[in-house]
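Student:
Number of protein chains: 2
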Amino acid sequence: MSSSFSTIPFGVNGRNYCPPDAPVAVICLDGSADEYIDEALSRDLMPRLKQMTQEGYRGMARGALPSFTNVNNSSIVTGVPPTRHGISGNFFLDPDSGKSVMMNSADYLRCETILSAAEGSGRRTAVVTAKEKLRDILSAGRKEGIAISAEKADEARHATHGVEQVEGLVGQSTPEIYSADASLFVLQAGCRLIGGAFADFVYLSLTDFIQHKYAPTDSPALQFYHAIDRYLGELLDLGAVVGATADHGMNAKQQADQSPNVVYLESKLDEEFGAGFQVILPITDPYVLHHGALGSFALIHAPDSAPLEAVANWVDRIPGITEVYDRETAARKLELPIDRIGDLAVLSARDVVIGKTPEDHDLSHVASGLRSHGGRYEEMVPFIVSRPLNPEYRLRANADVRNFDIFAFVTNGVQP
Amino acid sequence: MSSSFSTIPFGVNGRNYCPPDAPVAVICLDGSADEYIDEALSRDLMPRLKQMTQEGYRGMARGALPSFTNVNNSSIVTGVPPTRHGISGNFFLDPDSGKSVMMNSADYLRCETILSAAEGSGRRTAVVTAKEKLRDILSAGRKEGIAISAEKADEARHATHGVEQVEGLVGQSTPEIYSADASLFVLQAGCRLIGGAFADFVYLSLTDFIQHKYAPTDSPALQFYHAIDRYLGELLDLGAVVGATADHGMNAKQQADQSPNVVYLESKLDEEFGAGFQVILPITDPYVLHHGALGSFALIHAPDSAPLEAVANWVDRIPGITEVYDRETAARKLELPIDRIGDLAVLSARDVVIGKTPEDHDLSHVASGLRSHGGRYEEMVPFIVSRPLNPEYRLRANADVRNFDIFAFVTNGVQP
């Protein structure tokens, strides 16, 4: 390894970053409620993460709300909340077209990314995602860097992805997206890109297929974190400063008989207040096998005639609903872009998800147990830095650390 | 050890408990945010807790709100939320007298305790608390059982405490209340009471002096959890089924210069709406050195003339304030007894505490850093059971487990 990496500071979105003279790898451990790490550590399955904790820092950070993938990945790569970057969900009702659409395009991103700014200061950047859906947003604004997904690894081309023949480079074939391998491919790619000096400032974003499907003590979950640990070790051995956090946690959302614990909000609204309500579920993405498009956050678009305050008060009393905000309050309290949310924002309990109508959801894949996220109880996530924090950041850790502070911690926060 | 312990089931507060043929010890690890356990485990300082996790169950549970000591200890020993048991804080404005008073007396408890019911079914019960303030509530309704505090260990008498010469029994002199020893005395007493067959159904409630004063990676905190682990081991070696949870978590509540991050709510209200507001801080107790009576929860008693909705909306916009509820909503959402709260209930952020006026708080003891609790971000706590869960409780663990389910888990939930 060359020991010469650009240490030129750069600023982006009102924050400054001073990269270290070392490779930097930030990992988004998608859906990693802290319990997954606890259980794997207790069984001695994550020796390298244990080392990171002992030598560096481990704490909890507060993610962005709603606790969904696109929202939080966007926050992590920009260093700012959704108010600023504009990504309010995986899916939203576009006020311009009146249609509900995926929010997967970089066109929706309202600010520059840290990766783009790092590239500008001379770092060789790479973004590796499990799901193709995130690739465009996360690689926004860069001119040269690498941007690949595990899901479409075999489609990568120099002109569009900054690299090609990825399967050969990584030493694995393109994985099935509904698998542990989709995430492990991302980590292995990160190791190869840094190890082969293709990149030295890397963002690696996994997928939460395993966490949706398995509880922390289930054997496939433990094996998954054990496998993750091997790649953490490779990154450490390559001399990288490694930061790991998550986009959101994960909780069981099921009844005593293990069937999903769903509040069908659009059905309920139509029954109580008449037709015309549109409930948007921003968890919706092209990968619904994980969760049946059921999460703990919903947006209500009400017909003009609806008595909005009465609707809000009524929804707030539905068992399992924990928070209801009007548009202005939601934007302020949940840090959301006011033009990309509904008339009301609704959060549900630790064990409850929100659906539209029973007809809108295929529960066949989650009939024997649903684990999901999106609400307040998936907001807190692990936050781990591989090197000792410097005095300033030791103090900062005694505050309301956000998951989107992770790039600041691995650049400005570590001892030289 | 005799292997004969009463296994007669008993019911209390609408729940049934089937005690195992083994000693039962439930521990309230006061103020144990999960991070304290994580850090100690990562340094191999809690081998017996690690064993409990591997052989039994470790997860997170949701505590009662406000996340204060009396509220949650009362929930743990009754198995029900504050709505039912009536303890809404350490301190409240008594509507009958119009005076603000400590809520330390069993007279305020509105239901029976699990310990009292266990005694009725033939278990020999003991309650050991660090702070004297909790002894009366937690020992309510029992006729014979032992009830002692570390703080006043030397004052225990057979007639009133069910045991005497406690210092000799425990092998330690009465500890200073502002110390780690105040908690360790409780655990040692628990071991001696079970080991000497004085009791076989025991509740051990520690104090959070260490957690208020030290972050999870600070050496005194690590040493404290290491010492706790030794007693966990003793309890396990005595054959006890051990359950451990916490009353609340703990977060740093300070600004960048380490000074306390306080919203002086009564001052602000008086300034904006005129005099007459009374802000009650239910964290207040006789032991203010810990926290300066500053926590993340407050009750507002407004003058009759106050425009309550406008006040609520205004308070909700104060930076650092996260939730504001009117009396009815607070009772419903936070599960609080409606006659023992204020006109408004207010919660503050992960790094913010609420005060009355600057004159009401002596900050000299927290000038170099404040750690406290009371709000939403100290609601989630560890939940650990020493034995494998049976199939029914493995399923129950996939739900919104509460810290006050711990007695149900250690009685009904473990494999025989």
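Just so you know, the protein sequences line up as chains A and B, in that order.
Residue numbers for the first sequence follow my numbering, beginning at 3 and rising by one.
Residue numbers for the second sequence follow my numbering, beginning at 3 and rising by one.
Using N, Cα and C, we set each Cβ at its ideal position, and we do this for glycine too.
1. Pull the bridge partners of D328 (chain A) from the DSSP assignment, please.
2. Examine chain B for any beta-carbon lying closer than 8 Å to the beta-carbon of N400 (chain A), and answer yes or no.
3. Classify A312 (chain A) as buried or exposed, calling it buried when 16 or more other Cβ atoms lie within 10 Å of its own Cβ.
4. Only counting the same chain, and skipping five residues up and downstream in sequence, which positions put a Cβ closer than 6 Å to that of D353 (chain A)?
5. Kindly say whether G61 (chain A), judged by its beta-carbon, lies nearer than 8 Å to any beta-carbon of chain B.
6. So K52 (chain A) contacts chain B; which residues on that side make the cut at Cβ distance below 8 Å?
7. So is M3 (chain B) in contact with chain A if we call contact Cβ pairs under 8 Å?
8. Decide if C20 (chain A) is buried, meaning its Cβ has at least 16 other Cβ atoms within 10 Å, or exposed.
9. Contact check, T85 (chain A) vs A300 (chain A) under 8 Å by CB: the rounded distance?
10. Considering just the uninterrupted stretch of the alpha helix (DSSP H) at H228 (chain B), what are its terminal residues?
11. Along the chain, where does the alpha helix (DSSP H) containing R398 (chain A) start, and where does it finish?
12. Is L195 (chain A) close to chain B? Criterion is C-beta to C-beta, closer than 8 Å.
13. Show which residues of chain B have a CB atom less than 7 Å away from the CB atom of R64 (chain A).
14. Could you check whether G357 (chain B) and V244 (chain B) sit closer than 8 Å to each other, using their CB atoms as the reference points?
15. Tell me which same chain residues have a C-beta within less than 8 Å of the C-beta of N400 (chain A), skipping the five on either side of it?
16. In angstroms with no decimal places, state the Cα-to-Cα distance between I150 (chain B) and M105 (chain B).
17. Which same chain residues, not among the five before or five after V412 (chain A), have their C-beta less than 7 Å away from its C-beta?
18. E337 (chain B) touches chain A at which residues, Cβ-Cβ below 7 Å?
19. For E274 (chain B), decide whether its Cβ has a neighbour in chain C, counting only Cβ atoms nearer than 8 Å.
20. Measuring only between beta-carbons, confirm whether Y231 (chain B) sits less than 8 Å from chain A.
21. Is E169 (chain B) close to chain A? Criterion is C-beta to C-beta, closer than 8 Å.
22. Report the option in A:A161, A:S90, A:Y327, A:G61 whose CA atom is closest to the CA atom of V383 (chain A).
23. Are at least three pairs of beta-carbons, each pair with one atom in the stretch 277-297 of chain A and one in the stretch 318-337 of chain A, less than 8 Å apart?
24. Of the residues B:L346, B:H293, B:D40, B:Y110, which one's Cα is nearest the Cα of P305 (chain B)?
25. For a contact meaning CB atoms closer than 7 Å, what does A217 (chain B) contact in chain A?
26. When you compare each of A:E41, A:R404, A:L296, A:I408 to E361 (chain A) by their alpha carbons, which one comes out closest?
27. Between S123 (chain A) and R144 (chain A), which are expected to be in contact by the criterion C-beta below 8 Å, what is the C-beta distance as a whole number of angstroms?
28. Starting from R17 (chain A), follow its DSSP beta bridges and name the residues at the other end.
29. Could you tell me which chain A residues have their CB closer than 7 Å to the CB of D40 (chain B), listed as they occur along the chain?
30. Quick check: the stretch 228-244 of chain A against the stretch 266-273 of chain A, are at least 3 beta-carbon pairs closer than 8 Å?
31. Quick one: is H160 (chain A) buried, meaning 16 or more other Cβ sit within 10 Å of its Cβ, or exposed?
32. Distance cutoff 8 Å, beta carbons only. Does D328 (chain A) sit that close to anything in chain B?
33. Apply the 10 Å Cβ neighbour rule to S370 (chain B) and answer buried if 16 or more other Cβ atoms are within range, or exposed otherwise.
34. Where L67 (chain B) and N74 (chain B) are concerned, what is the direct C-alpha to C-alpha distance, given to the nearest angstrom?
35. Could you confirm whether any beta carbon from chain B is found closer than 8 Å to the beta carbon of L397 (chain A)?
36. Decide if the stretch 171-185 of chain A is in contact with the stretch 9-24 of chain A; the criterion is three or more beta carbon pairs, one per stretch, under 8 Å apart.
Tutor: In brief:
1. Paired residue(s): A:L346.
2. N400 (chain A) counts as touching chain B.
3. The residue in question, A312 (chain A), is exposed, as its Cβ has fewer than 16 Cβ neighbours within 10 Å.
4. Excluding positions up to five away in sequence, the list reads K255, N263.
5. At least one C-beta of chain B is nearer than 8 Å to the C-beta of G61 (chain A).
6. Those within 8 Å of K52 (chain A) in chain B are S44.
7. Below a pLDDT of 50, predicted positions are generally treated as unreliable, and M3 (chain B), at 45, falls in that range; the measurement from the model is reported next regardless. Residue contact check for M3 (chain B) against chain A: no CB pair falls below 8 Å.
8. So C20 (chain A) counts as exposed.
9. Not confirmed; about 19 Å, so no contact.
10. Here the alpha helix (DSSP H) through H228 (chain B) covers 221-239.
11. Residues 393-398.
12. With 8 Å as the cut-off, L195 (chain A) does not count as an interface residue toward chain B.
13. Residues of chain B whose Cβ lies closer than 7 Å to the Cβ of R64 (chain A) are, in chain order, R352.
14. No, the pair does not count as a contact, with Cβ atoms beyond the cut-off.
15. Taken in chain order, the list of residues that qualify is empty.
16. When rounded, the distance between both Cα atoms is 18 Å.
17. These residues qualify, in order along the chain: V26, V28, V243, G245, V387.
18. In chain order: nothing, as chain A lies at least about 12 Å away.
19. Looking at the structure shown, chain C is missing, and the protein chains on hand are A and B.
20. The displayed chain sequence assigns Asp, not Tyr, to residue 231 (chain B). No, D231 (chain B) does not count as interfacial toward chain A.
21. No, E169 (chain B) lies away from the interface with chain A (no Cβ there is under 8 Å from its Cβ).
22. Here the closest residue by C-alpha is A:G61.
23. Verdict: no, contact absent.
24. The shortest C-alpha separation from P305 (chain B) is found at B:L346.
25. Taking a Cβ-Cβ threshold of 7 Å, the residues of chain A close to A217 (chain B) are N400, in chain order.
26. For the set A:E41, A:R404, A:L296, A:I408, the Cα lying nearest the Cα of E361 (chain A) is the one of A:L296.
27. Rounded, the Cβ-Cβ distance is 12 Å, inconsistent with contact.
28. The partner list for R17 (chain A) (beta bridge, DSSP) reads A:V14.
29. Under the 7 Å cutoff, chain A gives D40, R60.
30. Taking a contact to require three or more Cβ pairs closer than 8 Å, the stretch 266-273 of chain A and the stretch 228-244 of chain A do not qualify as touching.
31. Within a 10 Å sphere around the beta-carbon of H160 (chain A) sit fewer than 16 other beta-carbons, which makes this residue exposed.
32. Judged by the 8 Å Cβ criterion, D328 (chain A) is not in contact with chain B.
33. For S370 (chain B), the number of other beta carbons within 10 angstroms of its own is below 16, and it is reported as exposed.
34. C-alpha of L67 (chain B) to C-alpha of N74 (chain B): approximately 8 Å in a straight line.
35. Yes - at least one Cβ of chain B is within 8 Å of the one on L397 (chain A).
36. The stretch 171-185 of chain A is not in contact with the stretch 9-24 of chain A.
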